[in-house]
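K.L.:
Going down the list, the sequences are from chains A, B, C and D. Here the numbering used here is used: the first residue of the first sequence is 1, the next is one more, and so on. Here the numbering used here is used: the first residue of the second sequence is 1001, the next is one more, and so on. Here the numbering used here is used: the first residue of the third sequence is 2001, the next is one more, and so on. Here the numbering used here is used: the first residue of the fourth sequence is 3001, the next is one more, and so on. No residue lacks a Cβ here, since even glycine has one placed at the ideal position from N, Cα and C. On a predicted model such as this, the values are computed, not experimentally measured, just so you know.
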Amino acid sequence: MLDLRLYQGREKPTWCPGCGDWGILAAVKNALAELEIPPHRALIVSGIGCGSKLPHYMRVNGFHGIHGRALPIATAAKLANHALTVLVVAGDGDSYGIGGNHLLHACRRNPDITHLVEDNRIYGLTKGQYSPTSEQGSLTVTSPEGSVELGFNPLAVAIAAGASFVARGYVGDLKHLTSLIVRGVQHKGYALIDILQPCVTFNRVNTYEFYNERVYRLEETDHDPHDRLAAFRRAFEWGERIPIGLFYEEERPTHEESFPALREGPLVERPLRPSLEEFEALKAELL
Amino acid sequence: MLDLRLYQGREKPTWCPGCGDWGILAAVKNALAELEIPPHRALIVSGIGCGSKLPHYMRVNGFHGIHGRALPIATAAKLANHALTVLVVAGDGDSYGIGGNHLLHACRRNPDITHLVEDNRIYGLTKGQYSPTSEQGSLTVTSPEGSVELGFNPLAVAIAAGASFVARGYVGDLKHLTSLIVRGVQHKGYALIDILQPCVTFNRVNTYEFYNERVYRLEETDHDPHDRLAAFRRAFEWGERIPIGLFYEEERPTHEESFPALREGPLVERPLRPSLEEFEALKAELL
Amino acid sequence: MAEKVINRLSFKIGGEAGQGVESSGAGFAKALARGGLHIFAYQDYMSRIRGGHNFFQIRVAERPIYSHTDEIELLLALTAEAVARHLPELVPGGGIIADAELKLEEAPLADRGVKLFHLPLAKIALEEGGSRVMLNTAALGAAAGITNYKLEHLESVIEDNFKVKGPQIVKANLAVVRAAYEYAQQRYAADFGYELRELPGPRRLVLSGNTAICLGAVAAGCKFLAAYPMTPTTGILEWFAAHAGRLGLVFKQTEDEIAAITMAIGAAHMGLRAMCATSGGGFSLMVEALGLAGMTETPIVIVEGQRPGPSTGLPTKTEQGDLLFVLHASQGEFPRIVLTPGDAEEAFLAGAEAFNLAERYQCPVIILSDHFLGTSLRTVEPDRLDLEKVEIDRGELLTPEKLERLEDYKRFRFTETGISPRAVPGHPKAVYVATGDEHAEDGRITEDPALRRKMVEKRLRKLELARRELPPPVAFGPDPELEETELTFVAWGSTLGPLREAVERLNSQGRRAGLVHFRAVWPFPEGAAEILARARRLIAVEGNYTGQLAGLIRQETGIKVEGLISKYDGLPFSPGYILEKLGELEGVKSGA
Amino acid sequence: MAEKVINRLSFKIGGEAGQGVESSGAGFAKALARGGLHIFAYQDYMSRIRGGHNFFQIRVAERPIYSHTDEIELLLALTAEAVARHLPELVPGGGIIADAELKLEEAPLADRGVKLFHLPLAKIALEEGGSRVMLNTAALGAAAGITNYKLEHLESVIEDNFKVKGPQIVKANLAVVRAAYEYAQQRYAADFGYELRELPGPRRLVLSGNTAICLGAVAAGCKFLAAYPMTPTTGILEWFAAHAGRLGLVFKQTEDEIAAITMAIGAAHMGLRAMCATSGGGFSLMVEALGLAGMTETPIVIVEGQRPGPSTGLPTKTEQGDLLFVLHASQGEFPRIVLTPGDAEEAFLAGAEAFNLAERYQCPVIILSDHFLGTSLRTVEPDRLDLEKVEIDRGELLTPEKLERLEDYKRFRFTETGISPRAVPGHPKAVYVATGDEHAEDGRITEDPALRRKMVEKRLRKLELARRELPPPVAFGPDPELEETELTFVAWGSTLGPLREAVERLNSQGRRAGLVHFRAVWPFPEGAAEILARARRLIAVEGNYTGQLAGLIRQETGIKVEGLISKYDGLPFSPGYILEKLGELEGVKSGA
Ligand SMILES: Cc1ncc(C[n+]2csc(CCOP(=O)(O)OP(=O)(O)O)c2C)c(N)n1
Ligand SMILES: Cc1ncc(C[n+]2csc(CCOP(=O)(O)OP(=O)(O)O)c2C)c(N)n1
Ligand code: SF4
Ligand code: SF4
Ligand SMILES: [Mg+2]
Ligand SMILES: [Mg+2]
């Protein structure tokens, strides 16, 4: 366990008091400390949104990119230097709305990165429009008569798309969330952790009370995270009881392992250019 | 049944002889004739790829757009004039690669359109690169050492994302395919029909022989298309035996039904502007 | 005490995000308008939901005004930081309203000759209304009291705004506003040199650029908005969402901006007047489909509300950095029209005319707005937004009757103007395929070089006509012919307001200044070269670093704009800033 | 019969897609190069996989050539349509090779003085090789036979090309080529006025623009290509895919172009030299992330291979319609560099130098290629692609040693040049956040107006230096100082080749013509204005409708380019076309 103060950032978070993002920040720091990954050995890539500002609020290598594109940035960063631990932290709008296609393809690729989704079921930073995970019928500034789309089920889709680690955390259960992040980072491959995160300003439905009443830990049931069908079924459980924990896990070669170029160490550390001999051989193909 | 000659286009298809797209074209014409939808009452929206040229090869309203964007174009076209029958016809690269995000969100919206995916598991028009549905390890011009991604499972993902009609057809079984398209059009809501389509030029694995040996009809089993879990399990069946037919179906309000503006008839037929009274009321909000 | 200044005041509310700075400001602005006063208001806020520092500034006058000023007379400080930030803007004799709890130091205020009006706002809110949440209501009551402004206008706004929350809340707020009003009026009104008095006359609209565009669009028959939320055009989405049910519109929130524009294309292809709204980042994602609209000749309207870039930049501030971007976006060459309204009234006209232009020229039309134009508020005479004056011209759109009589319909027929007869799907005589590939007159794909050549020429020929029909730049100032004018500003978009006032001030100082304002930039309007050629000395005023319009003018006319007054710090231009920079350009230190 | 023309020949293979037109053509081109001849070859194909009409044209000479010509001397027709299409291009005395099965009519050929060489190609393929698939091999053998070209070069190419298919196939193809060669040589060689003779000397590379860019990139240390397939840069993807394992590179085929560019950004941020390749449509999707690279100062390289737009346009043809698009793409203002190599050699240099520029200026670099440049082939001396001459300059990239010695690292430090010290993640002394929001020197988000102003200026200041370091336009022609030149063409990108030859022809006709070619267009290179100002009469030659470079020149220098020779029908320029259009411009009917 490293000293938590190592991760202390210089900036004060701009989040609303009580926002679930504070807890996610704490969990990320806790997990890294527990995993003994110092700030300079981790990279956190984020998108745009309230939650995506997270890397600014701790000490860590950060890339705060554009809306919806954290996954491909992180995937390539990991290919470039697979010695670093790479995390993606982004909102539900970012990850499932504009970024949905990258989610599908990350599941297929299985890059060794951990994707934390700050799922407040709302667009926070743009002031309260409904998001993909907003329940059908949600009343927001852009859906005064109720949103018309079925709420997006990230866990079911990730399982269907081939994700090798699919979990749900809750900021109200910080210890559990921390342990999920630890496991996600330890997992070799793409780990999706959807995090129930109350937005105290714009989401009046999915509050701490709402979740506190409903949430239960999968670990305390007989759920077998290696059973895809069971995981899929659990992913549709949402109502009186809401499961958190590890839904699905499977072992598969990672994206990085499938590139021969990475076998001899991080790509950024390899000699920059081909040898003269290699280069002349390339030219010889054209003769 | 309308006269098939009604749908006869002026252009000769540019597809390779033997390409599965010929069969899909025939099935589309057959289905429209059977449904007695004349060419001017249907709109086919397509993307870019070999198969996406289909609307040019028959008589029908067509919109041959850009790569990956047929779904939102079609969704809005249906909102604008829901009296027309709207189909989307596009390749696997188009629908699941670049267009993957729109697929996810179409499943949630449930627009009353029928989406035919010409799934040849390859990029045809750009000459043989692997596609999202190419099996892991596929050897192509851009994957001479084998593709590294897990093959995309469109049926499982669509079921997970909330699609209300999920099916698979095979061009080698034209009658069955036609009947699937008919059912898809009749289905009220978003119908995804993934079509096994041999590309005789670039895909040397998924040939007619390959499919002929493996394909079986779900209708001839005890599969219950209203059982989501069973559908999900079947969606992973791919090997010695490959199921075709209707995997999953459910009734849900369509996208168009959730817009009050559409209740009095197609939007394109409504009076263009507000009345003076309505307009003055809008201004009065600013006083 | 000197005589009171009547109805000339700049009032600023400053506080943290989440304190209701904007809603209070907008409410007060409305109350002033209801009293027959002219206002201009703009807001400045940070990209965060709580904390930080936001402000809302309202300028009041008895005649139409087009801009804010840098100086303020009255500050309502919800935080101590508001005082620290805005004290330098206060004129001597100005005042600060603050809750007594803030415990501000009086000395630095006194040094500047600024009065402190300490009031027990929270206490009043608690005692009269039962909740601290009503502190803002108390503050507004105090502001009205100090300026002696008629309370009933504020009361009526409070009634309207809180109606949805039920009669209890309305009643409590009214009690709070009255108590604060009286407290402030009795103690401080006599001591404050500025007074606001109701004026007789008709009521005026309090209009933002965003709302103006919505009203214009709806007046012109727009029935479809597809968009993904993005500052500063989110207000357009919210307006459509709020009115869709009532007006029979469709508002579609999409998964991203690619879906937004392609949905607009799908709807427009079927014959709807369809629009999308975004900012530069979202427009970036629309670029590919913009070309599709160009190639398929689909009439769509895009509102691009600029904010400072590149990338996420300053997401809640203002800039004019995207002109050349929208002019050249997407591969290949095709016609597009770019409108650059300067104020809310022009935004209304642009919102309406955009659809006529789009359908007349069968091409995408971009309304290039910005944060300042989109979110600032102005009083506008209601008859300036006249539904009956909004003409609808659908161009070469074929009616079913015309289609009946047609044989061998060709969607992309070669014509002299380049504009082809347009039919929408649904009619048996007009079954065709629209395609983003190059095509023949009937829509089939072609790779024939001669046909290709003709199609490129057909499409681009449309710009020739559009060039002539677009609103030409307008010359403002006492000498619109620019014959006697020694100095002419040239500008586009939202700099219009601050510039109009800067020009007025210059002329009142004895200079002969003018202003040429582009309401439409592309196709470069016919007549622009002539007007510019008449100007003696041209100075561009643009909210960007490189002087994008100035570059375009040189490219199109060969005329070199001599000077550039630029701004790229996220803040809008003010008349004072323009005069100060003019002074620097002219080598004179200006006192403005 | 007149004396034979030696080693001056244009040879065209025409047929349907799927008939192997391109592979045969490329094989023959290589065989010619192996005989020491100079070639220039280009292909024209349709956007379909089978059928339609494609051709491949090879021009042969004894000296370096830069372009194809409109006239051909020998046509290998795989279909009757090939004859119908290309007969008008054949010079009198030229010949057509065709399978006897095609049963061509001789009369129209005879009318043009064109000989028909009917051969039983399919029969030879069947009899000697056992399969009709080898008809192409037979045809190439016939072409070599008729021109008396040494068979062994063709044999060696066949051996190389068919090696992967096993010795059986090699053997069969060799048998076919020999049989056809002998048949054709014996019957027709004497009767054909053109002969191809081996030349002594070193072997030359047969190089396309696409491959040249790959070689340049790899020589400069590029280790990462992320891309989504799109004509005309798919060749770059395929080259990387084919060589990734061997060279230790990563090639990543992505789900779309947004992922491609963001992956390049992710990799570059970590310190790799990373690239993506696309065409205008894919670049459209990259626009938003381009701005992210600009704002985070991430060095990436993008190859944009132009094809005719808008939208899907003519997907397999060529155009130069995207110059202003790539110059202005993305919201806001930020530095970018646009390289516009003119031929394969320049493409190699651009491919290498792009990475140095990207890292030196910490900004995106765009290599603006096109279909013609990317896919045409030229013989190039091997020593022009010299690994050892490719310098690597990583600019202000901090080494671990330098980082060790640092205190208080600031990624975006204000410096005189605007270029800040760059550290990549992984070092304890350099832990920072890069962001697309406006930021302070240390990377934290700021909305402070003064800081914002300084950051905009810092970033854009980098262009000042880049302007001076970019390759200036080059003047070609007998009078590079342009002092005595009466007519100067001005061009960018792939028009270089055809123009060089057009200028040569003009000068050989007694005119005094020159050419100014831009190898880099943005930032507008220092010195360009001066060169252009020296030119007496400027005529732009551009593969677009509007004359985009001409407009830019006027914007940047005030110099008005007098004439424009444009082309936007999908076909590349040829020297003959340029001279013809020049004649039209000059009011003289040219016979060229
Ligand atoms: C391309 C683009 N479109 C729109 C936006 C505006 N925008 C910023 S954040 C955001 C959504 C935020 O929602 P989410 O991702 O759920 O994050 P949260 O704020 O809720 O944490 C949007 C739409 C943007 N920055 N970029
Ligand atoms: C934005 C964009 N990127 C790339 C392309 C090039 N492109 C055209 S078709 C195609 C893929 C075709 O594959 P698929 O969708 O499976 O259709 P198929 O040809 O196999 O029927 C690609 C990559 C394009 N047209 N637009
Ligand atoms: S708006 Fe919601 S998500 Fe954003 S900081 Fe506030 S509480 Fe958190
Ligand atoms: S390349 Fe494949 S998909 Fe395309 S037309 Fe030929 S067989 Fe069909
Ligand atoms: Mg959210
Ligand atoms: Mg395909």
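#1: Answer yes or no: the CB of residue 3375 of chain D versus the heavy atoms of ligand 3, is any distance below 7 Å?
#2: From residue 2328 of chain C to residue 2544 of chain C, what distance separates their C-alpha atoms?
#3: Compile a chain-ordered list of the residues in the stretch 1216-1245 of chain B whose CB is closer than 7 Å to at least one CB of chain D.
#4: Short of 9 Å Cβ to Cβ, which residues in the stretch 3261-3280 of chain D face chain C?
#5: Please report how far the alpha carbon of residue 201 of chain A lies from the alpha carbon of residue 19 of chain A, in whole angstroms.
#6: Is the stretch 3348-3360 of chain D touching the stretch 3184-3192 of chain D, taking contact as three or more C-beta pairs under 8 Å?
#7: Going by other Cβ atoms of all chains shown within 10 Å of its Cβ, with 16 needed for buried, is residue 58 of chain A buried or exposed?
#8: Look up residue 2174 of chain C in the DSSP assignment and say whether it is helix, strand or coil.
#9: Taking the Cβ atom as the reference point for each residue, do residue 1166 of chain B and residue 1096 of chain B lie within a distance shorter than 8 Å?
#10: Quick check: residue 3488 of chain D and residue 3496 of chain D, are their CB atoms within less than 8 Å of each other?
#11: List, in order along the chain, the chain C residues whose C-beta lies closer than 9 Å to that of residue 50 of chain A?
#12: What number of angstroms, rounded off, separates the C-alpha of residue 69 of chain A from the C-alpha of residue 1101 of chain B?
#13: For residue 3343 of chain D and residue 3209 of chain D, what's the separation of their Cα atoms in angstroms?
#14: Could you give the DSSP three-state label for residue 1061 of chain B: helix, strand or coil?
#15: Ligand 6 heavy atoms versus the CB of residue 1099 of chain B: any closer than 7 Å?
#16: With three or more C-beta pairs closer than 8 Å as the rule, is the stretch 82-93 of chain A touching the stretch 115-130 of chain A?
#17: Alpha carbon to alpha carbon, how far is residue 3582 of chain D from residue 3565 of chain D?
#18: Please state whether DSSP places residue 3412 of chain D in a helix, a strand or coil.
#19: Would you say the stretch 3012-3019 of chain D touches the stretch 3048-3060 of chain D, given that touching needs at least three Cβ pairs under 8 Å?
#20: Drop a sphere of 10 angstroms on the beta-carbon of residue 3591 of chain D, count the other beta-carbons inside from all chains shown, and report buried for 16 or more, exposed for fewer.
#21: Taking Cβ-Cβ distances below 7 Å as the criterion, which residues of the stretch 170-192 of chain A are in contact with chain D?
#22: Suppose the cutoff is 8 Å on Cβ atoms and the five residues either side in sequence are ignored; what does the same chain contact list for residue 2203 of chain C look like?
#23: Between which two residues does the beta strand (DSSP E) holding residue 2092 of chain C run?
#24: Find out if the Cβ-Cβ distance for the pair residue 2269 of chain C, residue 2434 of chain C is shorter than 8 Å.
#25: For a cutoff of 8 Å on Cβ pairs, would you count residue 283 of chain A as touching chain D?
#26: How many angstroms separate the CA atom of residue 3494 of chain D from the CA atom of residue 3370 of chain D?
#27: Between the stretch 3551-3572 of chain D and chain C, which residues of the former have CB atoms less than 7 Å from a CB of the latter, in chain order?
#28: Taking residue 2110 of chain C as the reference, give the member of C/2124, C/2121 and C/2094 with the closest Cα.
#29: Taking CB distances under 8 Å as the criterion, tell me whether residue 3256 of chain D reaches chain B.
#30: Helix, strand or coil, according to DSSP, for residue 3313 of chain D in the structure here?
#31: With 16 as the cutoff for other CB atoms within 10 Å, does residue 3589 of chain D come out buried or exposed?
#32: Does the CB of residue 3546 of chain D have a neighbour CB from chain C at under 8 Å?
P.N.:
This is what the structure gives:
#1: As a first step, residue 3375 of chain D is located in the fourth sequence; it is residue number 375 there, counting from the start. No, ligand 3 has no heavy atom inside 7 Å of this Cβ.
#2: Residue numbering aside, residue 2328 of chain C sits at position 328 when the third sequence is read from its first letter. Residue numbering aside, residue 2544 of chain C sits at position 544 when the third sequence is read from its first letter. Taking the straight line joining both Cα atoms gives about 17 Å.
#3: none
#4: 3279 and 3280
#5: The residue given as residue 201 of chain A occupies position 201 in the first sequence. The residue given as residue 19 of chain A occupies position 19 in the first sequence. Each residue's Cα considered, the two are about 8 Å apart.
#6: no
#7: Your numbering for residue 58 of chain A matches position 58 in the first sequence. Buried, since its Cβ has 16 or more Cβ neighbours within 10 Å.
#8: Looking up residue 2174 of chain C in the third sequence gives position 174. DSSP places residue 2174 of chain C in helix when its eight states are reduced to three.
#9: For this step, residue 1166 of chain B is matched to residue 166 along the second sequence. For this step, residue 1096 of chain B is matched to residue 96 along the second sequence. Taking 8 Å as the Cβ cut-off, residue 1166 of chain B and residue 1096 of chain B do not qualify as a contacting pair.
#10: Residue mapping note: residue 3488 of chain D aligns to position 488 of the fourth sequence, counting from 1. Residue mapping note: residue 3496 of chain D aligns to position 496 of the fourth sequence, counting from 1. No, these two residues do not count as a Cβ contact at 8 Å.
#11: The residue labelled residue 50 of chain A in the question sits at position 50 within the first sequence. What residue 50 of chain A touches in chain C: 2048 and 2049.
#12: By one-based count along the first sequence, residue 69 of chain A stands at place 69. By one-based count along the second sequence, residue 1101 of chain B stands at place 101. Using only the alpha carbons, I get a separation of about 13 Å.
#13: If you number the fourth sequence from 1, residue 3343 of chain D lands on position 343. If you number the fourth sequence from 1, residue 3209 of chain D lands on position 209. Taking the straight line joining both Cα atoms gives about 7 Å.
#14: Residue numbering aside, residue 1061 of chain B sits at position 61 when the second sequence is read from its first letter. In this structure, residue 1061 of chain B counts as strand in the three-state DSSP scheme.
#15: Walking along the second sequence from the start, residue 1099 of chain B turns up at place 99. Because no heavy atom of ligand 6 lies under 7 Å away, the Cβ of residue 1099 of chain B does not count as near it: no.
#16: yes
#17: Numbered from its first residue, the fourth sequence carries residue 3582 of chain D at position 582. Numbered from its first residue, the fourth sequence carries residue 3565 of chain D at position 565. Going from the Cα of residue 3582 of chain D to the Cα of residue 3565 of chain D covers about 7 Å.
#18: For the purposes of this step, residue 3412 of chain D is identified with residue 412 of the fourth sequence, where counting begins at 1. In this structure, residue 3412 of chain D counts as coil in the three-state DSSP scheme.
#19: yes
#20: Translated into positions along the fourth sequence, residue 3591 of chain D becomes position 591. Confidence at residue 3591 of chain D is low in this model, with a pLDDT of 45, below 50, so the placement of that residue should be treated as unreliable; the coordinate-derived value is given next. Residue 3591 of chain D comes out exposed.
#21: none
#22: Counting from one through the third sequence, the residue named residue 2203 of chain C turns up at place 203. Contacts found: 2033, 2034, 2036 and 2382.
#23: Counted from its first residue, the third sequence places residue 2092 of chain C at position 92. From DSSP, the beta strand (DSSP E) with residue 2092 of chain C extends over 2090-2099.
#24: Translated into the one-based positions of the third sequence, residue 2269 of chain C becomes position 269. Translated into the one-based positions of the third sequence, residue 2434 of chain C becomes position 434. Yes, Cβ-Cβ distance for residue 2269 of chain C and residue 2434 of chain C is below 8 Å.
#25: Translated into the one-based positions of the first sequence, residue 283 of chain A becomes position 283. Yes, because at least one Cβ of chain D sits closer than 8 Å to the Cβ of residue 283 of chain A.
#26: Here residue 3494 of chain D refers to the residue found at position 494 of the fourth sequence. Here residue 3370 of chain D refers to the residue found at position 370 of the fourth sequence. Spanning the two alpha carbons is a distance of roughly 7 Å.
#27: 3551, 3554, 3555, 3558, 3560, 3568, 3569, 3570 and 3571
#28: Looking up residue 2110 of chain C in the third sequence gives position 110. Comparing Cα-Cα distances from residue 2110 of chain C to each of C/2124, C/2121 and C/2094, the minimum goes to C/2094.
#29: Position 256 of the fourth sequence, counting from 1, holds the residue named residue 3256 of chain D. Yes, residue 3256 of chain D lies at the interface with chain B (some Cβ there is under 8 Å from its Cβ).
#30: Within the fourth sequence, numbered from 1, the residue matching residue 3313 of chain D stands at position 313. Strand, per DSSP.
#31: Here residue 3589 of chain D corresponds to residue number 589 of the fourth sequence, with the count starting at 1. Its pLDDT being 48, under 50, residue 3589 of chain D is placed unreliably by the model, and nothing is read from it.
#32: Within the fourth sequence, numbered from 1, the residue matching residue 3546 of chain D stands at position 546. Judged by the 8 Å Cβ criterion, residue 3546 of chain D is in contact with chain C.
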